[in-house]
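In terms of the numbering used here, the sequence shown is numbered consecutively and its last residue is 508.
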Amino acid sequence: MERVIPKEESQAYDRGVYATLLGAFLVLFQIGIYFVYIPWNAERLQITESEIGLGLLAFGLLNLVGNQTSGRLIVPKIGTKNSIVIGLIGISYCPLFLILSPNYFWFLVASMPLGFFVGLFSPSSQSQISMIEIKTERVLTPLYHAAFSVGSLAGAFSAFFTIQYVDSPVLLFSVTGTALLLGAMLISRIGLNKSYEDLKKTPKFKLPKNSILVFGILMMLNYATMGIILDWSALWLTKDLLVPLYLGGAIIFAFNIGEISARLIASKMLKKYSEKLIGGYFSIISGLVLFASLMTNNFPIIVAGMLLFGFGTANFIAVIYRQAIRITDEPINLTVANLVTLGFSGFIFGPALVGYLAEYISLTFNMYLLSVVWGLNGVALIAMMNRIKSSA
117 MERVIPKEES
127 QAYDRGVYAT
137 LLGAFLVLFQ
147 IGIYFVYIPW
157 NAERLQITES
167 EIGLGLLAFG
177 LLNLVGNQTS
187 GRLIVPKIGT
197 KNSIVIGLIG
207 ISYCPLFLIL
217 SPNYFWFLVA
227 SMPLGFFVGL
237 FSPSSQSQIS
247 MIEIKTERVL
257 TPLYHAAFSV
267 GSLAGAFSAF
277 FTIQYVDSPV
287 LLFSVTGTAL
297 LLGAMLISRI
307 GLNKSYEDLK
317 KTPKFKLPKN
327 SILVFGILMM
337 LNYATMGIIL
347 DWSALWLTKD
357 LLVPLYLGGA
367 IIFAFNIGEI
377 SARLIASKML
387 KKYSEKLIGG
397 YFSIISGLVL
407 FASLMTNNFP
417 IIVAGMLLFG
427 FGTANFIAVI
437 YRQAIRITDE
447 PINLTVANLV
457 TLGFSGFIFG
467 PALVGYLAEY
477 ISLTFNMYLL
487 SVVWGLNGVA
497 LIAMMNRIKS
507 SA
(Lines of atoms letter the chains of each structure in order from A; the text may use other names.)
(Lines give C-alpha, C1' and ligand atoms only; values in the text may rest on other atoms or scores of the structure.)
Protein backbone atom coordinates (compact mmCIF):
# COMPACT_ATOMS: atom_id res chain seq x y z
CA MET A 117 0.00 0.00 0.00
CA GLU A 118 1.37 3.41 -1.00
CA ARG A 119 2.08 5.78 1.87
CA VAL A 120 0.06 8.98 2.14
CA ILE A 121 2.12 12.04 1.23
CA PRO A 122 1.15 15.72 1.15
CA LYS A 123 -0.66 16.84 -2.01
CA GLU A 124 1.99 19.41 -2.99
CA GLU A 125 4.78 16.88 -2.58
CA SER A 126 2.80 14.26 -4.52
CA GLN A 127 2.26 16.70 -7.40
CA ALA A 128 5.98 17.50 -7.44
CA TYR A 129 6.81 13.80 -7.72
CA ASP A 130 4.23 13.34 -10.49
CA ARG A 131 5.76 16.21 -12.47
CA GLY A 132 9.18 14.68 -11.90
CA VAL A 133 7.99 11.36 -13.34
CA TYR A 134 6.45 13.04 -16.41
CA ALA A 135 9.61 15.08 -16.99
CA THR A 136 11.86 12.03 -16.71
CA LEU A 137 9.70 9.98 -19.09
CA LEU A 138 9.77 12.86 -21.57
CA GLY A 139 13.56 13.05 -21.44
CA ALA A 140 13.93 9.28 -21.93
CA PHE A 141 11.56 9.34 -24.91
CA LEU A 142 13.28 12.30 -26.60
CA VAL A 143 16.80 10.87 -26.26
CA LEU A 144 15.91 7.47 -27.71
CA PHE A 145 13.66 9.02 -30.37
CA GLN A 146 16.58 10.99 -31.76
CA ILE A 147 19.06 8.12 -31.40
CA GLY A 148 16.52 5.75 -32.99
CA ILE A 149 16.37 8.00 -36.04
CA TYR A 150 20.15 8.28 -36.22
CA PHE A 151 20.63 4.49 -36.10
CA VAL A 152 18.66 4.19 -39.33
CA TYR A 153 20.90 6.85 -40.93
CA ILE A 154 24.16 5.10 -39.96
CA PRO A 155 24.48 3.23 -43.33
CA TRP A 156 23.87 6.52 -45.19
CA ASN A 157 26.49 8.32 -43.11
CA ALA A 158 28.98 5.45 -43.51
CA GLU A 159 28.56 5.53 -47.29
CA ARG A 160 28.92 9.31 -47.35
CA LEU A 161 32.20 9.14 -45.44
CA GLN A 162 33.32 5.89 -47.14
CA ILE A 163 34.05 4.21 -43.81
CA THR A 164 34.02 0.49 -43.03
CA GLU A 165 32.17 -1.52 -40.38
CA SER A 166 35.34 -1.73 -38.28
CA GLU A 167 35.72 2.06 -38.43
CA ILE A 168 32.11 2.42 -37.29
CA GLY A 169 33.03 0.05 -34.47
CA LEU A 170 35.83 2.40 -33.42
CA GLY A 171 33.29 5.19 -33.33
CA LEU A 172 31.11 3.06 -31.04
CA LEU A 173 34.18 2.39 -28.90
CA ALA A 174 34.84 6.14 -28.57
CA PHE A 175 31.17 6.63 -27.70
CA GLY A 176 31.31 3.86 -25.09
CA LEU A 177 34.47 5.07 -23.36
CA LEU A 178 33.19 8.62 -23.00
CA ASN A 179 29.85 7.22 -21.88
CA LEU A 180 31.59 5.58 -18.91
CA VAL A 181 33.29 8.89 -18.07
CA GLY A 182 29.91 10.64 -18.19
CA ASN A 183 28.34 8.01 -15.91
CA GLN A 184 30.89 8.50 -13.14
CA THR A 185 30.97 12.30 -13.60
CA SER A 186 27.21 12.39 -13.14
CA GLY A 187 27.05 10.11 -10.10
CA ARG A 188 30.09 11.42 -8.25
CA LEU A 189 30.32 15.11 -9.15
CA ILE A 190 27.33 16.69 -10.84
CA VAL A 191 24.23 15.15 -9.20
CA PRO A 192 25.47 15.63 -5.61
CA LYS A 193 26.08 19.34 -6.32
CA ILE A 194 23.16 20.42 -8.53
CA GLY A 195 20.58 17.60 -8.33
CA THR A 196 19.24 15.07 -10.82
CA LYS A 197 16.90 17.45 -12.67
CA ASN A 198 19.68 19.89 -13.58
CA SER A 199 21.97 17.03 -14.58
CA ILE A 200 19.21 15.67 -16.85
CA VAL A 201 18.79 19.10 -18.44
CA ILE A 202 22.56 19.45 -19.07
CA GLY A 203 22.60 15.95 -20.59
CA LEU A 204 19.71 16.75 -22.95
CA ILE A 205 21.26 20.04 -24.06
CA GLY A 206 24.58 18.29 -24.69
CA ILE A 207 22.98 15.46 -26.68
CA SER A 208 20.70 17.69 -28.75
CA TYR A 209 22.88 18.54 -31.76
CA CYS A 210 25.47 15.74 -31.54
CA PRO A 211 23.77 13.62 -34.24
CA LEU A 212 23.78 16.72 -36.46
CA PHE A 213 27.54 17.05 -35.96
CA LEU A 214 27.94 13.35 -36.84
CA ILE A 215 26.18 13.74 -40.19
CA LEU A 216 28.05 17.01 -40.89
CA SER A 217 31.46 15.46 -40.19
CA PRO A 218 33.65 16.14 -43.25
CA ASN A 219 35.84 13.08 -42.67
CA TYR A 220 36.40 10.07 -40.41
CA PHE A 221 38.52 12.00 -37.89
CA TRP A 222 35.73 14.45 -37.16
CA PHE A 223 33.24 11.57 -37.06
CA LEU A 224 35.27 10.08 -34.20
CA VAL A 225 35.51 13.47 -32.48
CA ALA A 226 31.72 13.98 -32.72
CA SER A 227 31.10 10.51 -31.23
CA MET A 228 32.83 11.50 -28.00
CA PRO A 229 30.55 14.29 -26.69
CA LEU A 230 27.51 12.21 -27.64
CA GLY A 231 28.84 9.37 -25.49
CA PHE A 232 29.67 11.72 -22.61
CA PHE A 233 26.30 13.47 -22.50
CA VAL A 234 24.31 10.23 -22.87
CA GLY A 235 26.43 8.98 -19.97
CA LEU A 236 25.51 12.12 -18.04
CA PHE A 237 21.80 11.81 -18.78
CA SER A 238 21.18 8.11 -18.16
CA PRO A 239 22.21 7.66 -14.48
CA SER A 240 20.79 11.06 -13.52
CA SER A 241 17.43 10.13 -15.00
CA GLN A 242 17.42 6.64 -13.46
CA SER A 243 18.47 8.07 -10.08
CA GLN A 244 15.52 10.46 -10.09
CA ILE A 245 13.06 7.69 -10.95
CA SER A 246 14.54 5.46 -8.24
CA MET A 247 14.33 8.25 -5.65
CA ILE A 248 10.67 8.88 -6.50
CA GLU A 249 9.98 5.14 -6.32
CA ILE A 250 11.31 5.02 -2.78
CA LYS A 251 9.46 8.19 -1.71
CA THR A 252 6.08 7.16 -3.17
CA GLU A 253 6.40 3.36 -2.91
CA ARG A 254 5.32 3.09 -6.55
CA VAL A 255 6.81 0.87 -9.28
CA LEU A 256 8.19 3.33 -11.84
CA THR A 257 11.45 1.96 -13.27
CA PRO A 258 9.73 -0.35 -15.82
CA LEU A 259 7.60 2.57 -17.01
CA TYR A 260 10.74 4.66 -17.38
CA HIS A 261 12.36 1.91 -19.46
CA ALA A 262 9.18 1.68 -21.53
CA ALA A 263 9.65 5.36 -22.45
CA PHE A 264 13.08 4.44 -23.85
CA SER A 265 11.58 1.57 -25.86
CA VAL A 266 8.71 3.70 -27.21
CA GLY A 267 11.15 6.47 -28.15
CA SER A 268 13.46 4.06 -29.97
CA LEU A 269 10.58 2.43 -31.85
CA ALA A 270 9.03 5.79 -32.76
CA GLY A 271 12.40 7.07 -33.96
CA ALA A 272 13.03 4.04 -36.15
CA PHE A 273 9.56 4.27 -37.71
CA SER A 274 9.94 8.01 -38.26
CA ALA A 275 13.26 7.47 -40.00
CA PHE A 276 11.68 5.12 -42.54
CA PHE A 277 9.48 8.02 -43.65
CA THR A 278 12.05 10.79 -43.40
CA ILE A 279 14.52 8.82 -45.54
CA GLN A 280 11.89 8.75 -48.30
CA TYR A 281 10.39 12.20 -47.97
CA VAL A 282 12.98 14.50 -46.31
CA ASP A 283 15.81 15.28 -48.70
CA SER A 284 17.99 17.03 -46.13
CA PRO A 285 19.30 15.04 -43.13
CA VAL A 286 20.78 18.33 -41.90
CA LEU A 287 17.26 19.78 -41.64
CA LEU A 288 15.98 16.62 -39.94
CA PHE A 289 18.62 16.55 -37.21
CA SER A 290 18.39 20.30 -36.75
CA VAL A 291 14.68 19.82 -35.97
CA THR A 292 15.24 16.86 -33.62
CA GLY A 293 18.07 18.73 -31.89
CA THR A 294 15.80 21.71 -31.34
CA ALA A 295 13.10 19.37 -29.99
CA LEU A 296 15.59 18.15 -27.36
CA LEU A 297 16.45 21.73 -26.43
CA LEU A 298 12.76 22.57 -25.99
CA GLY A 299 12.32 19.39 -23.98
CA ALA A 300 15.23 20.41 -21.74
CA MET A 301 13.59 23.81 -21.14
CA LEU A 302 10.28 22.15 -20.24
CA ILE A 303 11.97 19.68 -17.88
CA SER A 304 13.82 22.56 -16.25
CA ARG A 305 10.45 24.16 -15.45
CA ILE A 306 8.38 21.14 -14.39
CA GLY A 307 11.01 18.66 -13.21
CA LEU A 308 11.61 17.58 -9.63
CA ASN A 309 12.96 20.36 -7.44
CA LYS A 310 16.25 19.62 -5.68
CA SER A 311 14.59 20.19 -2.30
CA TYR A 312 12.63 16.94 -2.73
CA GLU A 313 15.77 14.87 -3.28
CA ASP A 314 17.81 13.13 -0.59
CA LEU A 315 21.23 14.03 -1.95
CA LYS A 316 24.10 12.80 0.15
CA LYS A 317 27.76 13.70 0.04
CA THR A 318 29.60 11.34 -2.31
CA PRO A 319 31.95 9.06 -0.39
CA LYS A 320 35.57 8.58 -1.40
CA PHE A 321 36.13 6.23 -4.30
CA LYS A 322 35.94 2.55 -3.51
CA LEU A 323 34.90 -0.52 -5.44
CA PRO A 324 31.20 -1.35 -5.14
CA LYS A 325 30.28 -4.21 -2.80
CA ASN A 326 30.29 -7.67 -4.37
CA SER A 327 26.53 -7.88 -4.82
CA ILE A 328 26.48 -4.60 -6.76
CA LEU A 329 29.38 -5.83 -8.91
CA VAL A 330 27.47 -9.03 -9.72
CA PHE A 331 24.33 -7.08 -10.63
CA GLY A 332 26.47 -4.82 -12.83
CA ILE A 333 28.03 -7.83 -14.60
CA LEU A 334 24.57 -9.25 -15.34
CA MET A 335 23.64 -5.89 -16.88
CA MET A 336 26.91 -5.93 -18.84
CA LEU A 337 26.08 -9.32 -20.39
CA ASN A 338 22.60 -8.07 -21.21
CA TYR A 339 23.85 -4.94 -22.98
CA ALA A 340 26.76 -6.75 -24.65
CA THR A 341 24.41 -9.14 -26.45
CA MET A 342 21.67 -6.57 -27.18
CA GLY A 343 23.41 -5.83 -30.48
CA ILE A 344 22.50 -9.32 -31.69
CA ILE A 345 18.92 -8.09 -31.93
CA LEU A 346 19.53 -4.51 -33.01
CA ASP A 347 22.53 -4.89 -35.34
CA TRP A 348 22.43 -8.42 -36.70
CA SER A 349 18.88 -9.79 -36.72
CA ALA A 350 17.86 -8.09 -39.98
CA LEU A 351 20.96 -9.42 -41.77
CA TRP A 352 20.36 -12.90 -40.30
CA LEU A 353 16.74 -12.99 -41.49
CA THR A 354 17.56 -11.87 -45.02
CA LYS A 355 20.78 -13.89 -45.42
CA ASP A 356 20.15 -17.17 -43.60
CA LEU A 357 16.34 -17.43 -43.70
CA LEU A 358 16.03 -15.70 -47.10
CA VAL A 359 13.31 -13.37 -45.80
CA PRO A 360 12.45 -10.40 -48.10
CA LEU A 361 14.33 -7.20 -47.28
CA TYR A 362 11.18 -5.31 -46.28
CA LEU A 363 10.63 -7.88 -43.49
CA GLY A 364 14.20 -7.61 -42.20
CA GLY A 365 13.17 -5.50 -39.21
CA ALA A 366 10.47 -7.94 -38.06
CA ILE A 367 12.48 -9.30 -35.13
CA ILE A 368 13.35 -5.81 -33.84
CA PHE A 369 9.71 -4.78 -34.15
CA ALA A 370 8.43 -7.93 -32.38
CA PHE A 371 11.01 -7.63 -29.59
CA ASN A 372 10.12 -3.97 -28.97
CA ILE A 373 6.37 -4.63 -28.97
CA GLY A 374 6.81 -7.42 -26.42
CA GLU A 375 9.15 -5.29 -24.32
CA ILE A 376 6.88 -2.24 -24.29
CA SER A 377 3.80 -4.34 -23.42
CA ALA A 378 5.55 -5.94 -20.44
CA ARG A 379 6.92 -2.66 -19.14
CA LEU A 380 3.56 -0.90 -19.30
CA ILE A 381 1.95 -3.55 -17.08
CA ALA A 382 5.04 -4.15 -14.92
CA SER A 383 3.67 -2.16 -11.99
CA LYS A 384 0.67 -4.46 -11.68
CA MET A 385 2.75 -7.60 -12.26
CA LEU A 386 5.32 -6.69 -9.62
CA LYS A 387 2.58 -5.98 -7.09
CA LYS A 388 0.88 -9.31 -7.81
CA TYR A 389 3.94 -11.49 -8.34
CA SER A 390 7.50 -11.58 -6.99
CA GLU A 391 10.51 -9.85 -8.52
CA LYS A 392 12.16 -13.26 -8.64
CA LEU A 393 9.44 -14.47 -11.01
CA ILE A 394 9.34 -11.33 -13.17
CA GLY A 395 13.11 -10.83 -13.43
CA GLY A 396 14.46 -14.37 -13.06
CA TYR A 397 12.05 -17.11 -14.04
CA PHE A 398 10.52 -15.09 -16.89
CA SER A 399 14.02 -14.65 -18.38
CA ILE A 400 14.72 -18.38 -18.16
CA ILE A 401 11.39 -19.31 -19.76
CA SER A 402 11.85 -16.65 -22.45
CA GLY A 403 15.31 -17.96 -23.32
CA LEU A 404 13.89 -21.47 -23.71
CA VAL A 405 11.00 -20.20 -25.85
CA LEU A 406 13.35 -18.30 -28.17
CA PHE A 407 15.75 -21.26 -28.41
CA ALA A 408 12.88 -23.58 -29.33
CA SER A 409 11.49 -21.15 -31.93
CA LEU A 410 14.93 -20.82 -33.56
CA MET A 411 15.13 -24.60 -33.94
CA THR A 412 12.01 -24.56 -36.16
CA ASN A 413 13.73 -22.34 -38.75
CA ASN A 414 10.22 -20.99 -39.44
CA PHE A 415 9.95 -17.21 -39.87
CA PRO A 416 6.47 -16.62 -38.31
CA ILE A 417 7.29 -18.89 -35.34
CA ILE A 418 10.62 -17.12 -34.77
CA VAL A 419 8.93 -13.70 -34.84
CA ALA A 420 6.33 -14.93 -32.33
CA GLY A 421 9.14 -16.37 -30.19
CA MET A 422 10.97 -13.04 -30.25
CA LEU A 423 7.81 -11.19 -29.19
CA LEU A 424 7.47 -13.51 -26.19
CA PHE A 425 11.20 -13.17 -25.53
CA GLY A 426 10.89 -9.38 -25.44
CA PHE A 427 7.91 -9.62 -23.09
CA GLY A 428 9.61 -12.04 -20.71
CA THR A 429 12.97 -10.26 -20.48
CA ALA A 430 11.68 -6.67 -20.50
CA ASN A 431 11.85 -6.07 -16.75
CA PHE A 432 15.13 -7.88 -16.00
CA ILE A 433 17.11 -4.61 -15.77
CA ALA A 434 14.38 -2.91 -13.73
CA VAL A 435 14.47 -5.72 -11.16
CA ILE A 436 18.27 -5.40 -10.94
CA TYR A 437 18.01 -1.67 -10.19
CA ARG A 438 15.33 -2.27 -7.55
CA GLN A 439 17.28 -5.07 -5.88
CA ALA A 440 20.58 -3.14 -5.89
CA ILE A 441 19.08 0.07 -4.51
CA ARG A 442 17.30 -1.91 -1.79
CA ILE A 443 20.57 -3.33 -0.42
CA THR A 444 22.98 -0.47 -1.06
CA ASP A 445 24.58 1.51 1.76
CA GLU A 446 25.75 4.24 -0.63
CA PRO A 447 23.84 7.19 -2.15
CA ILE A 448 21.32 6.12 -4.81
CA ASN A 449 22.92 8.29 -7.47
CA LEU A 450 26.31 6.64 -6.89
CA THR A 451 24.89 3.10 -6.90
CA VAL A 452 23.01 3.83 -10.13
CA ALA A 453 26.12 5.37 -11.71
CA ASN A 454 28.18 2.28 -10.81
CA LEU A 455 25.53 -0.05 -12.24
CA VAL A 456 25.23 1.99 -15.43
CA THR A 457 29.03 2.11 -15.81
CA LEU A 458 29.31 -1.66 -15.47
CA GLY A 459 26.28 -2.30 -17.65
CA PHE A 460 27.16 0.04 -20.47
CA SER A 461 30.72 -1.30 -20.58
CA GLY A 462 29.09 -4.21 -22.39
CA PHE A 463 28.56 -1.87 -25.31
CA ILE A 464 32.35 -1.49 -25.57
CA PHE A 465 33.33 -5.13 -26.09
CA GLY A 466 29.94 -6.57 -27.08
CA PRO A 467 29.66 -5.31 -30.69
CA ALA A 468 33.21 -6.41 -31.53
CA LEU A 469 32.75 -9.87 -30.01
CA VAL A 470 29.36 -10.40 -31.63
CA GLY A 471 30.73 -9.25 -34.99
CA TYR A 472 33.69 -11.64 -34.70
CA LEU A 473 31.39 -14.58 -33.88
CA ALA A 474 29.10 -13.66 -36.78
CA GLU A 475 32.00 -13.59 -39.23
CA TYR A 476 33.87 -16.70 -38.10
CA ILE A 477 31.06 -18.97 -36.84
CA SER A 478 27.61 -17.84 -38.04
CA LEU A 479 24.81 -15.36 -37.53
CA THR A 480 22.57 -18.24 -36.45
CA PHE A 481 25.02 -19.07 -33.66
CA ASN A 482 24.62 -15.52 -32.35
CA MET A 483 20.84 -15.90 -32.18
CA TYR A 484 21.16 -19.10 -30.14
CA LEU A 485 23.81 -17.39 -27.99
CA LEU A 486 21.35 -14.59 -27.21
CA SER A 487 18.72 -16.99 -25.85
CA VAL A 488 21.30 -18.91 -23.78
CA VAL A 489 23.02 -15.85 -22.25
CA TRP A 490 19.78 -14.11 -21.29
CA GLY A 491 18.36 -17.36 -19.87
CA LEU A 492 21.49 -17.91 -17.77
CA ASN A 493 21.23 -14.30 -16.61
CA GLY A 494 17.83 -15.22 -15.19
CA VAL A 495 19.38 -18.16 -13.32
CA ALA A 496 22.13 -15.91 -11.91
CA LEU A 497 19.60 -13.26 -10.82
CA ILE A 498 17.57 -15.85 -8.91
CA ALA A 499 20.75 -17.12 -7.22
CA MET A 500 21.69 -13.56 -6.20
CA MET A 501 18.23 -12.85 -4.80
CA ASN A 502 18.31 -16.09 -2.79
CA ARG A 503 21.74 -15.15 -1.43
CA ILE A 504 20.58 -11.66 -0.43
CA LYS A 505 17.51 -13.11 1.27
CA SER A 506 19.53 -15.68 3.21
CA SER A 507 22.03 -13.05 4.44
CA ALA A 508 19.36 -10.56 5.47
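Think of the CB as a built atom: it goes at the ideal place given N, C-alpha and C, for glycine as much as any other residue.
- Each residue's CA atom was taken as its position, placing F289 and K388 some 43 angstroms apart.
- In this structure the stretch 468-478 does not lie against the stretch 193-203, because fewer than three pairs of beta carbons, one per stretch, are closer than 8 angstroms.
- In this structure, the alpha-carbon of K123 lies about 24 angstroms from that of G139.
- The Cβ neighbour count for L486, taken over all protein chains shown within 10 Å, is at least 16; the residue is labelled buried.
- Taking 4 residues as the minimum length, the alpha helix (DSSP H) runs contained wholly in the stretch 271-355 are 285-306, 326-343 and 349-355, in order along the chain.
- When secondary structure is reduced to three states using DSSP, L224 falls in the helix class.
- The straight-line gap separating the alpha-carbon atoms of I367 and F232 is approximately 30 angstroms.
- E125: member of the alpha helix (DSSP H) spanning K123 to L161, first to last residue.
- Annotation: the continuous alpha helix (DSSP H) that includes G459 extends over I448 to F460.
- A distance of 9 angstroms or more separates the beta carbons of L497 and F407.
- Between I417 and S409, the alpha-carbon positions lie close to 6 angstroms from each other.
- Per DSSP, the continuous alpha helix (DSSP H) segment holding N198 begins and ends at T196 to S208.
- For the pair P258 and A378, the CB atoms are nearer than the 9 angstroms cut-off.
- The beta carbons of I436 and L363 sit about 33 angstroms from each other, so the pair does not count as a contact at 8 angstroms.
- Counting only residues of its own chain and dropping the five nearest sequence neighbours on each side, V181 has a CB closer than 7 angstroms to the CB of F232 and G235.
- If you draw a straight line from the Cα of G267 to the Cα of I394, it comes to about 23 angstroms.
- S240 and G187 have their C-alpha atoms roughly 7 angstroms apart.
- Contact between Y209 and G299 fails: their C-beta atoms lie close to 13 angstroms from each other, not under 8 angstroms.
- Burial check for W156: the Cβ neighbour count within 10 Å stays below 16, so the residue is exposed.
- S390 sits away from W490, with the two beta carbons spaced by 9 angstroms or more.
- Our two residues, F481 and G403, have alpha carbons roughly 14 angstroms apart in a direct line.
- The beta-carbon separation of E375 and G426, rounded to 4 angstroms, stays under the 8 angstroms limit for a contact.
- By the Cβ neighbour-count rule, M411 is exposed, with fewer than 16 other Cβ atoms within 10 Å of its own.
- Taking a C-beta distance under 9 angstroms as the contact criterion, I215 and Y153 qualify as a contact pair.
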